[in-house]
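Okay, so here's the structure we're looking at.
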Amino acid sequence: MAGPPAAGAALVVLGDSVAEGRDDPAPAGGWLGWAGRLARRLGVAPGDLLNVSDAGATIEDVVRDQLPAVRAARPRLAVLGCGMNDALTGFEPAAAGARLDEVHRWARDAGTGLLAIPVPRPPLLERSPISQFRKKRVLQRIAVFNAELERAARDFGMAFPARETVTRIADPAMWSGDGIHLSPAGHDYVAEVMAELAAELLGERAN
Numbered sequence: 001m002a003g004p005p006a007a008g009a010a011l012v013v014l015g016d017s018v019a020e021g022r023d024d025p026a027p028a029g030g031w032l033g034w035a036g037r038l039a040r041r042l043g044v045a046p047g048d049l050l051n052v053s054d055a056g057a058t059i060e061d062v063v064r065d066q067l068p069a070v071r072a073a074r075p076r077l078a079v080l081g082c083g084m085n086d087a088l089t090g091f092e093p094a095a096a097g098a099r100l101d102e103v104h105r106w107a108r109d110a111g112t113g114l115l116a117i118p119v120p121r122p123p124l125l126e127r128s129p130i131s132q133f134r135k136k137r138v139l140q141r142i143a144v145f146n147a148e149l150e151r152a153a154r155d156f157g158m159a160f161p162a163r164e165t166v167t168r169i170a171d172p173a174m175w176s177g178d179g180i181h182l183s184p185a186g187h188d189y190v191a192e193v194m195a196e197l198a199a200e201l202l203g204e205r206a207n
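Sequential numbering of the sequence shown, starting at 1, is according to full-length UniProt numbering.
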């Protein structure tokens, strides 16, 4: 996770290891990921991007550890990319929904556009020798988490990508070998999908 934010950050990213950019190396070191690729597409300078995502983070971790680190930034746009760890380990829907509300409320009160990314179905579920029962449970949790994401976005007037806008994420080429993180092509695809929605949000904030 990055250090204390600059007050003028234009783009803030909250989330887990996928949001951190894992498996998409940056030329200068570290991770580029969809966050860095999105910043490029939006014309956001590297110094105006604040990515406080952490590997293994759940929505509870985002609210407890990451949100306090960005409150002073008051960015024009924030992107939330988490939920996979919640789906894999389990969560209480009401508690997760309350935490998602906290993130959306912060964005609304700060005048920040918030774009939440739906949790995809990872190839890991097909490759891992887990039971059909556990696989079904994970898929159920993904569906419930996405429903809470969509509900929170709707309640607070924020963006949430429709399922049909991210259909290519099912392509195996979008994923790295571990079946849980995106490949560089996957990160680029997510950035491409988000860029149009993000540009609309930024335009709304400028009006």
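Glycine is no exception: its CB is placed at the ideal position from the N, C-alpha and C atoms.
Fewer than three pairs of CB atoms, one per stretch, sit closer than 8 angstroms, so the stretch 100 to 114 makes no contact with the stretch 133 to 142.
Per the Cβ contact rule, the stretch 19 to 26 is not in contact with the stretch 38 to 48 (fewer than 3 Cβ pairs under 8 angstroms). When DSSP states are grouped into helix, strand and coil, G47 belongs to the helix group. DSSP places A98 in the helix class (H, G or I) of the three-state scheme. Taking C-beta atoms as the reference points, G81 and L125 fail to come closer than 9 angstroms.
The beta-bridge partner set that DSSP reports for W31 consists of P25. The shortest C-alpha to C-alpha distance from I169 to any of R121, F133 and E196 is the one to R121. Three or more Cβ pairs drawn from the stretch 70 to 86 and the stretch 47 to 59 lie within less than 8 angstroms of each other, which places the two stretches in contact. In the DSSP assignment, A143 falls within the unbroken alpha helix (DSSP H) covering Q132 to D155. For L11, the enclosing beta strand (DSSP E) has its first and last residue at L11 to G15. Judged by beta-carbon spacing, A10 lies beyond the 9 angstroms limit of G33, meaning their Cβ atoms are not closer than that value.
Secondary structure at V166: helix, using DSSP grouped into helix, strand and coil.
Taking C-alpha positions only, N146 is separated from V12 by approximately 21 angstroms. DSSP places V62 within a helical segment (H, G or I) once states are collapsed to three.
In the three-state reduction of the DSSP assignment, V103 falls in the helix class, which pools H, G and I.
Closest by C-alpha distance to A162, out of V119, I59, S176 and D54, is V119.
Note on geometry: alpha-carbon atoms of G186 and P129 lie some 24 angstroms from one another. Only buried fits R37, as 16 or more other CB atoms lie within 10 angstroms of its CB. Taking the Cα positions, G56 is about 30 angstroms away from E200. DSSP places A87 in the uninterrupted alpha helix (DSSP H) bounded by M84 to T89. Only residues of its own chain outside the window of five on either side were considered, and among them G179 have a CB closer than 6 angstroms to the CB of R127, listed in chain order.
Inter-residue distance for S176 and A28 is about 21 angstroms (C-alpha atoms, whole angstroms).
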